[in-house]
Each structure stands twice: as structure tokens, then as C-alpha cells.
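The structure under discussion appears below in the form of C-alpha cells.
Protein chains: 2
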Amino acid sequence: MQAADLIQLGQQAQDAASILAQLDNAAKNRGLMAMADALIAHTPEILAANAQDVDAAAGSKFLDRLTLTEARIQDMATGLRQLASLQDPTAKADQAWRNEAGLLIIQQRVPLGVVGIIYEARPNVTADAAGLTLKSGNAVILRGGKEALRSNMAVVNVLQAALKSVDLPELAVQLVTDPSHEIANQMMHLNGYIDVLIPRGGAGLIQAVVKNATVPVIETGAGNCHIYVDKAADLQMAIDITVNAKVQRPSVCNAAEKLLIHQDVAEAFLPAIAKALQDHGVELRGDARACAIVSDMIPATDADWDTEYNDLIMAVKVVDSETEAIKHINAHNTKHSEAIITENYAASQQFLRQIDAACVYVNASTRFTDGFEFGFGAEIGISTQKLHARGPMGLAQLTTIKYQILGDGQVRA
Amino acid sequence: MQAADLIQLGQQAQDAASILAQLDNAAKNRGLMAMADALIAHTPEILAANAQDVDAAAGSKFLDRLTLTEARIQDMATGLRQLASLQDPTAKADQAWRNEAGLLIIQQRVPLGVVGIIYEARPNVTADAAGLTLKSGNAVILRGGKEALRSNMAVVNVLQAALKSVDLPELAVQLVTDPSHEIANQMMHLNGYIDVLIPRGGAGLIQAVVKNATVPVIETGAGNCHIYVDKAADLQMAIDITVNAKVQRPSVCNAAEKLLIHQDVAEAFLPAIAKALQDHGVELRGDARACAIVSDMIPATDADWDTEYNDLIMAVKVVDSETEAIKHINAHNTKHSEAIITENYAASQQFLRQIDAACVYVNASTRFTDGFEFGFGAEIGISTQKLHARGPMGLAQLTTIKYQILGDGQVRA
Numbered sequence: 009m010q011a012a013d014l015i016q017l018g019q020q021a022q023d024a025a026s027i028l029a030q031l032d033n034a035a036k037n038r039g040l041m042a043m044a045d046a047l048i049a050h051t052p053e054i055l056a057a058n059a060q061d062v063d064a065a066a067g068s069k070f071l072d073r074l075t076l077t078e079a080r081i082q083d084m085a086t087g088l089r090q091l092a093s094l095q096d097p098t099a100k101a102d103q104a105w106r107n108e109a110g111l112l113i114i115q116q117r118v119p120l121g122v123v124g125i126i127y128e129a130r131p132n133v134t135a136d137a138a139g140l141t142l143k144s145g146n147a148v149i150l151r152g153g154k155e156a157l158r159s160n161m162a163v164v165n166v167l168q169a170a171l172k173s174v175d176l177p178e179l180a181v182q183l184v185t186d187p188s189h190e191i192a193n194q195m196m197h198l199n200g201y202i203d204v205l206i207p208r209g210g211a212g213l214i215q216a217v218v219k220n221a222t223v224p225v226i227e228t229g230a231g232n233c234h235i236y237v238d239k240a241a242d243l244q245m246a247i248d249i250t251v252n253a254k255v256q257r258p259s260v261c262n263a264a265e266k267l268l269i270h271q272d273v274a275e276a277f278l279p280a281i282a283k284a285l286q287d288h289g290v291e292l293r294g295d296a297r298a299c300a301i302v303s304d305m306i307p308a309t310d311a312d313w314d315t316e317y318n319d320l321i322m323a324v325k326v327v328d329s330e331t332e333a334i335k336h337i338n339a340h341n342t343k344h345s346e347a348i349i350t351e352n353y354a355a356s357q358q359f360l361r362q363i364d365a366a367c368v369y370v371n372a373s374t375r376f377t378d379g380f381e382f383g384f385g386a387e388i389g390i391s392t393q394k395l396h397a398r399g400p401m402g403l404a405q406l407t408t409i410k411y412q413i414l415g416d417g418q419v420r421a
Numbered sequence: 009m010q011a012a013d014l015i016q017l018g019q020q021a022q023d024a025a026s027i028l029a030q031l032d033n034a035a036k037n038r039g040l041m042a043m044a045d046a047l048i049a050h051t052p053e054i055l056a057a058n059a060q061d062v063d064a065a066a067g068s069k070f071l072d073r074l075t076l077t078e079a080r081i082q083d084m085a086t087g088l089r090q091l092a093s094l095q096d097p098t099a100k101a102d103q104a105w106r107n108e109a110g111l112l113i114i115q116q117r118v119p120l121g122v123v124g125i126i127y128e129a130r131p132n133v134t135a136d137a138a139g140l141t142l143k144s145g146n147a148v149i150l151r152g153g154k155e156a157l158r159s160n161m162a163v164v165n166v167l168q169a170a171l172k173s174v175d176l177p178e179l180a181v182q183l184v185t186d187p188s189h190e191i192a193n194q195m196m197h198l199n200g201y202i203d204v205l206i207p208r209g210g211a212g213l214i215q216a217v218v219k220n221a222t223v224p225v226i227e228t229g230a231g232n233c234h235i236y237v238d239k240a241a242d243l244q245m246a247i248d249i250t251v252n253a254k255v256q257r258p259s260v261c262n263a264a265e266k267l268l269i270h271q272d273v274a275e276a277f278l279p280a281i282a283k284a285l286q287d288h289g290v291e292l293r294g295d296a297r298a299c300a301i302v303s304d305m306i307p308a309t310d311a312d313w314d315t316e317y318n319d320l321i322m323a324v325k326v327v328d329s330e331t332e333a334i335k336h337i338n339a340h341n342t343k344h345s346e347a348i349i350t351e352n353y354a355a356s357q358q359f360l361r362q363i364d365a366a367c368v369y370v371n372a373s374t375r376f377t378d379g380f381e382f383g384f385g386a387e388i389g390i391s392t393q394k395l396h397a398r399g400p401m402g403l404a405q406l407t408t409i410k411y412q413i414l415g416d417g418q419v420r421a
């Protein structure tokens with residue numbers, strides 16, 4: 009695959025996008041249902057291709073996420089069918105008004121155009137991304153991890169045939185089949201063909217895309233999330249929320265990684281939360297003051313405060329004040345999700361106002377930062393940047409606006 | 009100036025931004041009024057610095073835009089005072105809802121943080137950008153053209169002193185004083201310090217930033233805008249709008265550059281519009297069919313269809329159908345502003361739906377694509393990209409959201 013081929017892919021995606029942008033919701037839903045049915049009907053071929061990928065990756069750390077099963081393919085199909093039940097994000101205008109000259113200005117939602125997704129060896133993302141982009145009226149160019157190439161090719165073949173079978177443009181979904189870094193790099197510079205690039209995967213992948221791409225990128229995923237237990241906290245609530253945020257699913261980006269405790273409640277709270285977390289197998293790493301209260305913690309190093317463990321590990325720090333907690337969080341967080349536990353009104357307001365993050369919680373678990381939990385019905389990722397989308401991204405975040413302006417002869421004075 | 013200095017500027021801007029984000033509207037307005045007063049009070053120093061720039065640039069094409077006068081400084085001050093009269097774009101939430109778990113999710117508007125502006129030799133942009141970013145609660149790092157360096161330093165010194173005089177962070181407004189391309193390039197890669205970079209200037213500058221920057225960019229300004237005169241057009245209206253869109257201010261991005269005419273009205277319309285435009289000094293360049301009707305047009309070349317003249321030049325093409333017009337526009341436009349002149353309902357709807365541009369007009373001049381004409385009360389630029397902001401950007405487009413989430417102990421099941 010050459011750079012010229014990638015431009016061809018880009019041109020084909022643009023052509024498909026111009027058709028997709030004109031489709032009504034019923035047509036897009038027909039595509040989603042056809043894709044879902046086709047995944048089920050072609051499960052044996054997909055599993056056969058996947059088995060080759062799995063064999064080739066024997067012993068790799070990617071093995072679990074790479075492996076497809078009949079149940080996982082059913083989940084992929086179910087995901088597509090659920091998308092069909094959602095509202096069309098382009099079937100609305102945000103607002104409309106008349107300006108001084110009497111023009112009616114309509115701020116209409118429209119698809120972005122062509123979305124690029126760079127991801128790792130998770131073949132389920134292939135169907136998921138294809139569904140989200142189709143429902144929002146976008147064409148997609150997929151570039152998955154090389155370990156999943158045969159699986160992804162099988163899935164994309166099935167999805168393209170399904171689109172064709174219901175008279176939708178099959179090139180709405182395209183796969184970059186060259187696994188080289190060079191082609192990925194060219195994809196990051198495909199300005200004019202790709203409207204937005206969304207990396208999905210680990211911090212290494214995301215930073216590589218953010219640092220290289222000149223195509224607009226939405227940065228997703230990194231989550232060094234904190235729970236701050238204020239001096240006015242309900243301590244039982246603080247235990248319940250901290251345990252939930254840490255252990256309910258430690259591998260994901262909205263899991264809590266750090267626990268900050270106001271000094272006034274540290275003596276009362278720390279032994280109880282340490283026991284609760286340790287009962288769930290959490291390794292605790294404390295600063296000097298925390299270790300002085302609970303002696304069986306590992307001393308935390310400077311690096312701990314900036315590390316997203318994605319594991320059953322939590323670092324604990326005792327702070328003098330809420331102001332110190334906020335300062336620490338803003339210096340070390342990844343702008344994802346932060347929570348305060350407090351019964352004090354002023355403390356809650358200060359935290360909500362001063363923390364710089366996509367999602368700031370009072371008395372709730374950071375685990376709620378999720379498109380489904382927010383009620384969006386879908387999720388393409390969690391944006392940790394400030395441009396275009398911030399926090400959970402559903403279908404609406406895969407759209408932009410177009411001003412449609414209705415006049416009756418107005419000229420500018 | 010070294011890269012390390014730029015990082016220091018970035019850190020200082022971040023620190024200022026964290027203070028600005030907490031200011032209420034009254035405090036920001038105090039800053040705007042102080043900046044306006046200071047520009048007036050220090051007009052002599054600013055003019056003296058500007059005179060040095062103007063002397064050094066003698067004979068340059070930048071001279072007009074570079075030159076400040078007492079009246080221009082008064083305009084800069086007036087612009088700042090007008091900003092004070094606008095609503096605070098961060099003093100609102102877009103929406104709020106309760107999710108299934110009973111969390112109240114508030115989608116609060118907040119400042120972006122640190123805005124970088126790279127611009128050419130227009131010292132008035134310095135005050136304008138400082139005002140827009142202050143009002144929206146952002147810190148700004150300015151990098152103007154080297155020809156205006158002394159003027160910009162004088163203006164920034166005055167603005168910083170004004171901010172300090174009303175107890176606002178003076179480093180809310182900072183200037184990159186190293187005019188080298190190397191430093192500009194480093195600014196384009198200042199990820200983690202600059203939240204968004206907005207280039208303001210000609211196509212060359214904007215493309216250099218878009219093609220190089222890894223910091224999120226908002227692409228602005230390029231406008232190869234079309235007027236399509238449908239077969240069902242009111243031809244007098246078509247003349248009025250075309251003349252306005254072409255000649256009212258030909259140097260700006262929302263001026264029309266191309267005229268497409270349906271073949272059914274070409275014989276009737278072309279001689280009249282050609283005369284009207286030529287009476288205003290417009291040079292016409294026609295395709296073969298247009299030249300066959302009006303013989304004193306210059307034959308257009310392929311390059312004409314992609315050229316933004318920013319001058320009293322217009323290329324004219326006769327098309328077989330609206331579909332051909334739309335196809336031509338989508339292939340050659342810069343996604344800025346496009347207009348159809350028609351009395352036919354279906355033709356208007358097809359154009360509104362199928363044209364891919366920030367602003368699509370029926371029966372109005374493209375010259376209305378402007379933050380003030382839209383009623384935003386301000387304008388930082390016109391976005392021709394799809395991410396974050398599209399079309400005229402006012403204060404709202406210099407903000408992002410933060411989800412503030414209020415619970416009473418919710419954990420995720």
C-alpha cells in the first residue's frame with residue numbers, strides 16, 4: 009500500500025460521505041440492521057480469520073482482546089441494532105434566529121464527513137466504529153492493530169457487503185490493510201480527506217497520534233482520576249465511592265487511581281478505607297503522612313502521582329486543605345474525571361469550579377464518565393481535550409454544524 | 009528566545025488561565041475597560057513604536073495594515089469597550105439532566121484555557137485578540153508578524169499594565185518576541201500548554217500552521233465563495249446580490265469569487281450582470297459558454313476555479329443544471345460560504361442540503377458570514393473546518409464545556 013492508495017481511500021471516503029450526508033434515519037438504520045444480520049450470518053468466516061490472527065499472536069499480551077467468540081460477535085451485532093434505535097444526531101437544528109438584516113439563520117447539525125479511527129488489536133472496535141459513524145452519517149477509515157488484520161479484513165468485507173445489499177455505499181467503511189507505521193503516519197497527515205482522527209487504545213498510541221497528526225485529532229482515554237475525601241465527608245459514603253471507583257473495573261480510564269484525604273479526617277478514615285481496599289486486593293502506596301497512619305502501605309514515589317495504573321493499585325496522600333487537593337489534582341490529572349466527597353456546600357462549589365477536568369463529581373463515583381451512563385446510548389470514546397468534544401462522546405459528538413441561511417434578497421450595507 | 013522560554017510563557021499562561029477561569033463578568037469587564045482606557049492614554053508611545061515599524065517596513069506591501077493612527081487606536085479601544093457590553097459566554101450551562109442513576113449532570117460552559125494566535129503585521133489584532141480571550145476567560149499567547157514587533161510590544165506592555173492596575177493577572181496577555189520561524193514552529197508544537205491555536209491571516213500563513221501544528225488548530229479564513237443563479241432566479245435579485253457579494257469589499261474572505269449560471273437563464277442574465285460588474289471595475293473570466301455570450305470576458309483557466317482572488321475579479325461558468333453547480337462547488341470551494349438565487353422551493357432545499365460549507369445561503373449575499381452580522385457581537389475569525397467551530401466564531405467558540413455532576417453517594421453497579 010502506497011501513500012497514493014491512501015489518498016484514493018480518502019477520496020472514496022469523501023465520495024461515500026457525500027452520499028451518507030443525504031440519507032435519512034431509516035436508510036441508515038437499514039444499513040445497521042443489515043450489518044448486524046451479516047455479522048451473525050458470517051460468524052464462521054470471521055472466526056476462521058480470527059483464529060489465524062490468534063495463532064499468529066500466540067503468547068502475546070493482546071491475546072484476550074484479540075480473540076473473537078460467537079458471543080462476542082453477537083455482542084457486536086447487538087451493538088449495531090441498539091444504534092438503530094437511537095435518534096439520528098443530524099435530524100435536528102441546535103437553534104435558529106433572525107438577524108438584524110432579517111435573515112433566518114438555522115444552525116443545522118450535519119455529519120463531520122470522514123472519520124479516521126486508529127486503534128489496537130480489538131476487532132470488535134471495527135464493527136462498533138463502523139456503526140457509530142454510519143448512524144451519524146459519516147464515512148470511516150479504519151486502521152486497526154496489525155495483530156488483528158485478518159479479523160478486521162473479514163469483518164469489513166462482511167460489513168461492506170451488507171451495506172451494498174441495502175443499496176448503501178459500501179465504501180462508507182474502509183480498512184487500511186497496510187500495517188506499516190509509515191502508512192499510519194501518512195494517515196495522520198491526510199488533511200483534506202480525513203475530517204477528524206480518533207485514536208482508541210493505550211496512552212502510547214494516543215500520544216503518538218496527538219504528537220504526529222496534522223489532521224484534527226480528538227484525544228481520548230487517559231485517566232489519572234482522583235477521589236478527594238473532604239473533612240466534611242460522609243466517611244461511609246467515601247468508602248463506598250472509593251471502593252467502587254477503584255475496584256469495580258480497574259482497567260478502564262474512569263477508574264480512580266489516587267485518593268487524597270483531608271488531614272482532619274485522615275486518622276478516622278484511612279485505616280477503614282485501607283482495609284476495605286486491601287480486602288479487594290488493592291495495593292496501596294502512601295505519602296509519608298499516609299504511611300504514618302497505615303504502616304503497611306508502600307511509600308509512594310514522585311512518579312506515582314502521574315501514573316495511570318489501570319490496575320488494582322491506588323496511591324494515597326494526606327492534604328492540609330481542599331485548596332491543596334485541588335492544586336495537586338490540577339497539576340497531576342489527565343483532565344478526565346475527578347470527585348470530591350463532602351457534605352459541605354462551599355467545599356463542593358469550590359471543587360466544581362476550580363478543578364480542570366471533563367467531568368467533576370460531587371459525592372459520586374468517577375466510573376459514571378461513560379456515554380451509556382450519561383444517557384447518550386452510545387460511546388466512541390472519552391475526550392480529554394477541550395476542543396470540539398469533552399468527556400463522553402456519543403453520536404452528537406460525531407457531528408458538526410452547517411449554517412443554513414434563508415433570505416429574500418438581502419445584501420450587506 | 010529559546011524553546012525553554014516558550015515553555016515558560018506557556019506555564020505562565022496556564023497559571024493566568026486558572027485565575028481567569030474563576031473571574032466573574034464584572035472583573036473581566038473591569039479589565040477590558042482598563043485596557044481600553046490605557047490604549048487611549050498611551051497613544052503617543054504606541055504611535056512612536058509603530059512609527060519605527062513603519063519606517064523599517066518602508067515600501068513593503070504590509071504598510072497599510074501595519075500603520076496605526078490615533079483613529080485606529082481609538083477603534084481598538086472602542087472594540088474592547090464593546091466586548092464589555094456582551095454577555096459572559098461562560099456564565100451559562102448548555103443543558104442539565106438527571107441520568108438513570110439519579111446524578112444531576114450539568115453541561116457548564118468554561119473557558120478553553122490558553123489560546124495561541126499566530127497572525128500577520130496587523131497590530132490592531134493584538135488588542136482585539138487580547139480582548140476576546142479575556143472576555144471569554146482565556147489567557148492568550150500572541151505571535152504577530154515580525155514587521156509589527158515594536159508596535160505589538162508597545163500594545164502588550166500597555167495592556168499588561170492595565171490588567172495589573174485592576175488586580176487581574178498581567179500574564180493573561182503575552183507576546184512571543186522572537187520573530188524567528190523556529191519559535192513559531194515550536195509554538196505550533198506546544199501541546200500541553202496551548203489548548204487551541206488560531207492562525208489569522210493569508211492562506212499561506214494558515215496552511216503553514218495547519219500543516220505543521222500538533223496543537224489543536226482552528227483553520228480560518230480561506231474563502232473561494234460561489235453564487236449560483238438558478239433557472240428560477242429573480243434576475244434582478246441575482247444582480248443585486250452578485251454585485252454586493254463581489255464588490256462591496258472584495259478583499260475579504262466572504263466576498264464571492266465565482267458566479268455559476270444555469271444555462272436556461274444565461275442568455276438573459278449574463279449580459280446584464282457582466283455590465284453591472286464591469287461598471288464596478290470587476291474583471292470577468294468566463295468559461296467557453298460564458299465567453300460565447302459575453303465576448304469581452306477573459307477565458308478562464310482551470311486554475312481560476314480554485315483561486316481566491318480577494319480582488320475585483322470574478323470567474324463565470326454556465327452550468328447545465330443545479331446538480332452540476334453543486335458538484336462544481338463542492339469540488340472547488342473552501343467550505344466557507346455559498347449562495348443560490350432561486351424562487352424554486354425544491355432547488356433551494358437541494359442546495360441547502362447538498363452544499364458542503366460552513367454557511368449556505370438562499371437569496372442573500374455571502375457577505376453576511378461575519379460574527380457581527382450573525383449577531384454574536386464579536387468575531388475572532390471564520391472557521392472553515394468542521395471540528396469545534398464552523399463559520400463565524402464569536403465568544404462562545406472560545407469556550408468549551410465541563411460536566412459538573414452532582415450526586416448523593418451513587419456508585420456504578
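Quick note, the sequences are listed as chains A and B, same order. Quick note: the working numbering has the first sequence finishing at residue 421, numbered continuously throughout. Quick note: the working numbering has the second sequence finishing at residue 421, numbered continuously throughout. Note that CB positions come from ideal geometry on N, CA and C, so glycine has one too.
Query raised in the report: DSSP on proline 224 of chain A, reduced to helix/strand/coil?
Result: coil
Query - For tyrosine 411 of chain B, the first and last residue of its enclosing beta strand (DSSP E) - result: 407-418
Requested in this report: With aspartate 248 of chain A as the anchor, note down where its beta strand (DSSP E) starts and where it stops.
Outcome: Per DSSP, aspartate 248 of chain A belongs to no beta strand (DSSP E); it is in the alpha helix (DSSP H), 243-255.
Query raised in the report: Going straight from the alpha carbon of asparagine 193 of chain A to that of alanine 230 of chain A, what length do you get?
Result: 21 Å
Query raised in the report: Where serine 391 of chain B and isoleucine 247 of chain A are concerned, what is the direct C-alpha to C-alpha distance, given to the nearest angstrom?
Result: 47 Å
**Report entry** CA-to-CA distance, lysine 335 of chain A to valine 255 of chain A, given in whole angstroms
**Finding:** 26 Å
Requested in this report: Answer with yes or no whether the minimum CB distance from aspartate 314 of chain A to chain B is below 8 Å.
Outcome: no
Query raised in the report: First and last residue of the beta strand (DSSP E) that includes tyrosine 317 of chain B?
Result: Unbroken run through tyrosine 317 of chain B: none, as it is neither H nor E.
Query raised in the report: What distance in whole Å lies between the Cβ atoms of isoleucine 54 of chain B and leucine 76 of chain B, which are believed to be in contact at a cut-off of 8 Å?
Result: 6 Å
Query raised in the report: Taking Cβ-Cβ distances below 7 Å as the criterion, which residues of the segment 198-209 of chain A are in contact with chain B?
Result: Asn199, Asp203 and Val204
Query - Neighbour list for isoleucine 235 of chain B in chain A, Cβ cutoff strictly below 7 Å - result: Residues of chain A passing the Cβ test: none, with the nearest at roughly 12 Å.
**Report entry** Close-in-space but distant-in-sequence residues of the same chain around leucine 40 of chain A (CB under 8 Å, 5 per side omitted)
**Finding:** Leu88, Arg89, Leu91, Ala92, Gly139, Leu142 and Lys143
Query raised in the report: Between which two residues does the alpha helix (DSSP H) harbouring glycine 4 of chain A extend?
Result: Residue numbering for chain A in the displayed model covers 9 to 421; residue 4 of chain A lies beyond these limits and cannot be assessed.
Report task. Could you check the C-alpha separation between alanine 64 of chain A and glutamate 128 of chain A for me, to the nearest Å? Result -> 16 Å
Requested in this report: Going by DSSP, name the residue or residues bridged to arginine 293 of chain B.
Outcome: B:Ile306 and B:Ala323
Query raised in the report: Nearest-angstrom Cα distance between glutamine 182 of chain A and threonine 342 of chain B?
Result: 25 Å
Query raised in the report: Going by C-alpha distance, which of B:Asp186, B:Ala147, B:Gly153 and B:Asp416 is nearest leucine 167 of chain B?
Result: B:Ala147
Query raised in the report: Quick one: which chain A residues come within Cβ less than 7 Å of methionine 245 of chain B?
Result: Gly417
Query raised in the report: Pick from A:His197, A:Gly379 and A:Gln412: whose alpha carbon is nearest that of alanine 366 of chain B?
Result: A:Gln412
Report task. Answer yes or no: do asparagine 220 of chain B and methionine 196 of chain B have a C-beta to C-beta separation smaller than 8 Å? Result -> yes
Query - Selection from B:Ala169, B:Lys172 and B:Asn165 that minimises the alpha carbon distance to valine 184 of chain B - result: B:Asn165
Requested in this report: Determine the contact status of methionine 7 of chain A and asparagine 132 of chain A, defining contact as a CB-CB distance below 8 Å.
Outcome: Past the boundaries of the shown model lies residue 7 of chain A; chain A is included only from 9 to 421, so the question cannot be answered.
Query - N-terminal and C-terminal residue of the beta strand (DSSP E) that glutamine 20 of chain A is part of - result: No beta strand (DSSP E) contains glutamine 20 of chain A, which is instead part of the alpha helix (DSSP H) from 11-28.
Query - Cβ-based burial, aspartate 304 of chain A [other Cβ within 10 Å; buried from 16] - result: exposed
Query raised in the report: Taking C-alpha atoms, which residue in A:Ala386, A:Met322 and A:Leu414 lies nearest to leucine 406 of chain A?
Result: A:Ala386
Report task. State the DSSP-derived secondary structure class of leucine 490 of chain B, mapped to helix, strand or coil. Result -> Here chain B comprises residues numbered 9 to 421, so residue 490 of chain B is not present and cannot be evaluated.
Query raised in the report: Straight-line CA distance for glutamine 10 of chain B to isoleucine 235 of chain B?
Result: 48 Å
Query raised in the report: Taking buried to mean at least 16 other C-beta atoms within 10 Å of its own C-beta, is isoleucine 388 of chain A buried or exposed?
Result: buried
Query raised in the report: At least one CB of chain A closer than 8 Å to the CB of alanine 263 of chain B: is that the case?
Result: no
Query - valine 164 of chain A: first and last residue of the uninterrupted alpha helix (DSSP H) it sits in - result: 157-173
Requested in this report: Would you be able to state if there are at least three C-beta pairs under 8 Å between the segment 376-383 of chain A and the segment 266-275 of chain A?
Outcome: no
Requested in this report: Using DSSP bridges, identify the partner residues of threonine 236 of chain A.
Outcome: It should be pointed out that residue 236 of chain A corresponds to tyrosine in this sequence rather than to threonine. A:Leu268 and A:Ile348, per the DSSP bridge assignment.
Requested in this report: Decide if tryptophan 313 of chain A is buried, meaning its Cβ has at least 16 other Cβ atoms within 10 Å, or exposed.
Outcome: buried
Requested in this report: Could you tell me whether the Cβ atoms of valine 163 of chain B and alanine 135 of chain B are closer together than 8 Å?
Outcome: yes
Report task. To the nearest angstrom, report how far apart alanine 24 of chain B and methionine 43 of chain B are at their CA atoms. Result -> 17 Å
Requested in this report: Let me know if proline 307 of chain A comes out buried or exposed under the rule of 16 or more other beta-carbons within 10 Å of its beta-carbon.
Outcome: exposed
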